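When we follow this note's numbering, the leftmost residue of the sequence shown carries the number 2, and every step to the right adds one.
Structure record follows, encoded as structure tokens.
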Amino acid sequence: MLPRVAISGAGPSGLTLAALLARMGVPTVVIEKQTKLPTHPQAHYINARSMEIFSHDLGLHKQLQRLSPPAEQWNDFVWCTSVAGRELARIGHALSDTRLTPITRSAFGPIHLSQSKILPELLKSTQLGLPAACPPADVRFGVACSSFNETSEGVHLRLSNGETLDVDYLVAADGANSKIREQLGIKMAGRPRLSSLMNLHLRVAPEALSSAHSAMLYFVFNPKVVAVLVAHDIDAGEWVCQVPFSPDFQSEADFDLSVCQDLAAAALGVSPNMVDVLSARPWTMHAEVAEQWVSTNHGRVLLCGDAAHRFPPAGGFGMNTGVQDAHNLAWKLASVLSEESDQAPALLRSYETERRPVAVNNTVLSLKNYERVLAACRALGIDSGGLDSNGRFLAQVGGVAAEKALALARAQLGCLEKPGHPLGDLRVQQLRRLLAQGGGLPLVFPKHELAFAYSEGALEAQTAQEAKAIDNAAMVDTVRVGSRAPHCCLELPSGHVFSLADLSAQLHSSGVTRRRCFILVRSEPKEEENDDRKGGIQDRALGQIKCRQPLVVVTVKSDLDLKGENTSVSAPSLHDWSATTSGSVKHLPCIDALGDWANAVGQGRSLLMRPDGHVAWLGDSNESFDFSRFKNGPLAALLAPVRVEK
Ligand SMILES: Cc1cc2nc3c(=O)[nH]c(=O)nc-3n(C[C@H](O)[C@H](O)[C@H](O)COP(=O)(O)OP(=O)(O)OC[C@H]3O[C@@H](n4cnc5c(N)ncnc54)[C@H](O)[C@@H]3O)c2cc1C
Numbered sequence: 002m003l004p005r006v007a008i009s010g011a012g013p014s015g016l017t018l019a020a021l022l023a024r025m026g027v028p029t030v031v032i033e034k035q036t037k038l039p040t041h042p043q044a045h046y047i048n049a050r051s052m053e054i055f056s057h058d059l060g061l062h063k064q065l066q067r068l069s070p071p072a073e074q075w076n077d078f079v080w081c082t083s084v085a086g087r088e089l090a091r092i093g094h095a096l097s098d099t100r101l102t103p104i105t106r107s108a109f110g111p112i113h114l115s116q117s118k119i120l121p122e123l124l125k126s127t128q129l130g131l132p133a134a135c136p137p138a139d140v141r142f143g144v145a146c147s148s149f150n151e152t153s154e155g156v157h158l159r160l161s162n163g164e165t166l167d168v169d170y171l172v173a174a175d176g177a178n179s180k181i182r183e184q185l186g187i188k189m190a191g192r193p194r195l196s197s198l199m200n201l202h203l204r205v206a207p208e209a210l211s212s213a214h215s216a217m218l219y220f221v222f223n224p225k226v227v228a229v230l231v232a233h234d235i236d237a238g239e240w241v242c243q244v245p246f247s248p249d250f251q252s253e254a255d256f257d258l259s260v261c262q263d264l265a266a267a268a269l270g271v272s273p274n275m276v277d278v279l280s281a282r283p284w285t286m287h288a289e290v291a292e293q294w295v296s297t298n299h300g301r302v303l304l305c306g307d308a309a310h311r312f313p314p315a316g317g318f319g320m321n322t323g324v325q326d327a328h329n330l331a332w333k334l335a336s337v338l339s340e341e342s343d344q345a346p347a348l349l350r351s352y353e354t355e356r357r358p359v360a361v362n363n364t365v366l367s368l369k370n371y372e373r374v375l376a377a378c379r380a381l382g383i384d385s386g387g388l389d390s391n392g393r394f395l396a397q398v399g400g401v402a403a404e405k406a407l408a409l410a411r412a413q414l415g416c417l418e419k420p421g422h423p424l425g426d427l428r429v430q431q432l433r434r435l436l437a438q439g440g441g442l443p444l445v446f447p448k449h450e451l452a453f454a455y456s457e458g459a460l461e462a463q464t465a466q467e468a469k470a471i472d473n474a475a476m477v478d479t480v481r482v483g484s485r486a487p488h489c490c491l492e493l494p495s496g497h498v499f500s501l502a503d504l505s506a507q508l509h510s511s512g513v514t515r516r517r518c519f520i521l522v523r524s525e526p527k528e529e530e531n532d533d534r535k536g537g538i539q540d541r542a543l544g545q546i547k548c549r550q551p552l553v554v555v556t557v558k559s560d561l562d563l564k565g566e567n568t569s570v571s572a573p574s575l576h577d578w579s580a581t582t583s584g585s586v587k588h589l590p591c592i593d594a595l596g597d598w599a600n601a602v603g604q605g606r607s608l609l610m611r612p613d614g615h616v617a618w619l620g621d622s623n624e625s626f627d628f629s630r631f632k633n634g635p636l637a638a639l640l641a642p643v644r645v646e647k
């Protein structure tokens, strides 16, 4: 089968997109220039929204949970003179107390797992567990995308092995230094080259360090090294040590094996012979977002993941934002490829309108988080200006002089080694005060992880006034147009419990719908407001129409509504549910047994969920649902009503 979509890059963004498209039946080819998946760990915090995508959409929950170390091993951040040395301060992040409110509550909490362990699972997911008649993605390693031509008909792609490919769409998931972005002439906006780091991937003899007082991050300050250590898996002895690297006066050759081993051992506080350096990779940190995400001419080349944005790692948004870009893009690509429509460019442009502001917000947050890390360094007497690539003074003096200046800056950290040193005690007090006042780096960011919302895009048409009101709304507590639908546990009369957030994926994977669908969820109006006439009109209207995409109508009844009803009658489970189909509109009755819906959305309210679980419309159940509200937007072609033949 000829591919319709080509993805350049088999990183987390490209593979997530390929796995999602494979489930949606879109023939896809992935081109990866490396010969195999990387073993260098890189990112490691998977936030709750990415876990929802990996779990609901790709069914990877169990595998990823199994591979992730237990939460008590990575709950904390520590400031210390070395991992085995003096602990100066520790902050714990109670993962069970994330101030999550109904909208942000999720069936899946965050996990800590190296990118290098996630990638093989994603790769498998592009091949296995696909619905019937969905072709696996064609993933080709060891060949690069060299160049492309875009026309109104499609994209002609040239590969490094001389082959060519013709596809409908090309997705650049080729990382922070994207060649496709460069060929499109798209500029990055923001702050480039904030800092450079040398990332050392380590294997540490497990007996060298105990996991008794473990943490995810260790900020290390001693006269030999200032470093951030990430404990990827303490029991397996897998660590990453990030040390400042200043390309202005240092070169990669300065970090040979024995230098790296000594730096890592000094940061860990163990003898060098207990440390194996598996790989050393430089990484430059930027805070930038691409000015455009969709090609101007024909809208057939789209940027995804690091190709579209590159953040400081503080807060762990790099990989997560890319995974969530892929999730936003997948159903749109699948829709435009299955519907011949002049609305296709508008739907794909909504990818940029929706995701770019999220990436900008995440950049701002990541920068703020990076500043928080630097503030803690300053409390301990280290001014990053001298230690990272922004150290212009050091860049000017260069070479040996710069190295000596750095060594001098670190030498004073000796005062932290033991309590009782007047300067050391003062600095530790400063650090602890800063952390007690909330100046440390948080682990979980509910607002950015789960409560982000699209204020314009593929949604009900809104006036500018309404969009502004949404911007000012209390983000975390509100279900609103553009936000992710809440995780509400609903129950079928048969007893089957499902999460509303998971429903579209469940219906698709269980074969009830041919593709990811729109879901209209309406709850019964409160008793005193119940008006059979209006409800009846709505039902009749839905019975008569057939929209181009499969539409599922979920009717939520409160527990009370069921009193006196015969719930023992065998009601449809999700699997045999197609029995209740009318045209392409399928009906599912369910019960708000725990009151989740009433709390999160409100009894008597209705919402329309898009295939990616975001709310496209929100209103009262007594309002007759009217497809024409989408008629001028990108969803028009998908939701256009068609009369059912009698
Ligand atoms: C050394 C390092 C350490 C990092 N550490 C952290 C961290 O601690 N925390 C954090 O949050 N983030 C970290 N990051 C960032 C994080 O890894 C990225 O945000 C994430 O990998 C982005 O995923 P992606 O799929 O968009 O891009 P990438 O993972 O960069 O994947 C892009 C892929 O495209 C391939 N490619 C490139 N050009 C071509 C081409 N022409 N043809 C075909 N294939 C091509 C590349 O080989 C690569 O496999 C780190 C990054 C690096 C490099």
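Glycine included, C-beta positions come from ideal geometry on N, C-alpha and C.
Fair warning: this is a prediction, and the values are worked out from it, not measured in the lab.
Worksheet item: Would you say the beta carbon of R282 comes nearer than 7 Å to a heavy atom of ligand 1?
Response: yes
Fill in: Extent of the continuous alpha helix (DSSP H) to which D263 belongs
L258 to L269
Discussion item. Using C-beta distances below 6 Å, list every residue in its chain close to A335, excluding the 5 sequence neighbours before and after it, in chain order.
Written reply: M25 and V27
Discussion item. Less than 6 Å between C-beta atoms, sequence neighbours within five positions excluded: which residues of the same chain meet that for A44?
Written reply: Q116, G319 and M320
Worksheet entry | Straight-line Cα distance separating M275 from A377 | 29 Å
Discussion item. Nearest by alpha-carbon distance to G176: which of T285, D236 and G93 is it?
Written reply: T285
Worksheet entry | Whole alpha helix (DSSP H) elements within the region 166-219, 4-residue minimum | 180-185
Worksheet item: Would the C-beta of G191 count as close to ligand 1, meaning under 7 Å from any of its heavy atoms?
Response: no
Discussion item. Measuring only the C-alpha atoms, how far is Q66 from S500?
Written reply: 19 Å
Discussion item. Assuming the contact rule is C-beta atoms closer than 8 Å, P635 and Q344 should be a hit. Round their C-beta distance to whole Å, please.
Written reply: 6 Å
Worksheet entry | Own chain residues within Cβ distance below 6 Å of E239, not counting five before or after | H233
Fill in: Whether R192 touches I32 by CB criterion (8 Å)
no
Practice prompt. Label S148 either buried or exposed according to how many other C-beta atoms from any shown protein chain fall within 10 Å of its C-beta, with 16 as the threshold for buried.
Written response: exposed
Fill in: Bridge partner(s) assigned by DSSP for L304
A173
Practice prompt. Mind checking which residues open and close the beta strand (DSSP E) that includes M610?
Written response: R606 to M610
Worksheet item: Cβ-heavy atom distance between S9 and ligand 1 below 7 Å?
Response: yes
Worksheet item: When the Cα of L258 is compared with those of S247, V445, L279 and G270, which residue comes out closest?
Response: L279
Worksheet item: Less than 7 Å between the CB of V231 and some heavy atom of ligand 1, yes or no?
Response: yes
Worksheet item: For Q116, is the beta carbon positioned less than 7 Å from some heavy atom of ligand 1?
Response: yes
Worksheet entry | Cβ contact check for the region 82-89 and the region 353-360: 3 or more pairs under 8 Å | no
Worksheet entry | Burial state of T322, where buried means 16 or more other Cβ atoms lie within 10 Å | buried
Worksheet entry | C-alpha distance - T152 paired with E289, whole-angstrom precision | 29 Å
Discussion item. Just checking Q43 against ligand 1 - is the residue's beta carbon closer than 7 Å to any of the ligand's heavy atoms?
Written reply: yes
Discussion item. At a threshold of 7 Å, does M275 count as lining ligand 1 (C-beta to nearest heavy atom)?
Written reply: no
Worksheet entry | Alpha-carbon spacing of H509 relative to L552, whole angstroms | 12 Å
Fill in: L166 versus P4, I383 and R194, residue with shortest Cα-Cα distance
P4
Worksheet item: Where does I235 fall in DSSP's three states?
Response: coil
Discussion item. I need the DSSP call for R434, collapsed to helix, strand or coil.
Written reply: helix
Worksheet entry | Nonlocal neighbours in the same chain, by C-beta distance under 6 Å from R517, ignoring five residues either side | W332, S505, H509 and P612
Fill in: Proximity to V156 [Cα-Cα], best of G458, N370, F256 and S9
S9
Worksheet item: If you check the beta carbons only, do L409 and I92 fall under 8 Å apart?
Response: no
Worksheet item: Exposed or buried, what is L442 when buried is set at 16 or more other beta-carbons lying within 10 Å of its beta-carbon?
Response: buried
Worksheet item: Over what stretch of residues does the beta strand (DSSP E) that includes A291 continue unbroken?
Response: V276 to A291
Worksheet item: Taking 7 Å as the cut-off, does the CB of Q128 come closer than this to any heavy atom belonging to ligand 1?
Response: no
Item to complete: Taking A327 as part of the alpha helix (DSSP H), name the residues at either end of that continuous run.
Response: G319 to S339
Item to complete: Under 6 Å Cβ to Cβ from G270, same chain only, skipping five residues before and after it: list those, please.
Response: S83, V84, A85 and G86
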